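Numbering (the working numbering), first residue to last: 9 to 133.
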């Protein structure tokens, strides 16, 4: 397959990340490596999306701290970002996973051309 016929993929991991670990980051890297090996996909980015404080898990650290941990965990990555965009837009309520995916899909297929560089630049804001 040529580069232009490969499907662009964004990996998304949702969870408590209480705390985020090296294993979470390695999960992204292994998934990316596997998808690239198939020859059919190009992974253009990854998103770590912590659950809302109302998730109800006993001992769950506050979202503010978990987001900070996620930010530190991915700061050296040139393709994985933490999800503050959707998180901050729904601080008052629990966000159902399928709605998160739908909102992300709408955002990524919005009015502007979405290249791998645009994706990383977008998530840095």
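Idealized CB from N, CA, C, for every residue including glycine.
Owing to the predicted nature of the structure, the values given are computational and were not obtained by experimental measurement.
DSSP state of residue i mapped onto helix, strand, coil
i, result
"residue 119", "In this prediction, residue 119 has a pLDDT of 41, which is less than 50 and means its spatial position is unreliable; what the coordinates show is noted afterwards. Three-state DSSP puts residue 119 in coil, outside helix and strand."
"residue 44", "helix"
"residue 64", "coil"
"residue 57", "strand"
"residue 49", "strand"
"residue 82", "helix"
"residue 88", "strand"
"residue 96", "Because residue 96 sits at a pLDDT of 47, beneath the cut-off of 50, its placement in the model cannot be relied upon, and the following sentence gives the value as read from the coordinates. Here residue 96 sits in helix by DSSP."
"residue 13", "helix"
"residue 28", "coil"
"residue 71", "helix"
For residue j and residue i, believed in contact at Cβ under 8 Å, the rounded distance
i, j, result
"residue 54", "residue 87", "6 Å"
"residue 56", "residue 18", "12 Å between Cβ atoms; not a contact."
Selected residue, minimal CA-CA separation from residue i, among the options
i, options, result
"residue 23", "113, 114, 90 and 112", "90"
"residue 43", "109, 110 and 15", "15"
"residue 81", "13, 11, 25 and 10", "25"
"residue 52", "61, 60 and 40", "40"
"residue 13", "79, 49, 59 and 20", "49"
"residue 109", "68, 21, 78 and 10", "21"
"residue 37", "113, 62, 85 and 112", "85"
"residue 45", "114, 59 and 9", "9"
Which residues DSSP lists as bridging residue i, in chain order
i, result
"residue 22", "57"
The region 60–77 in contact with the region 31–41 per 3-pair CB rule at 8 Å: no
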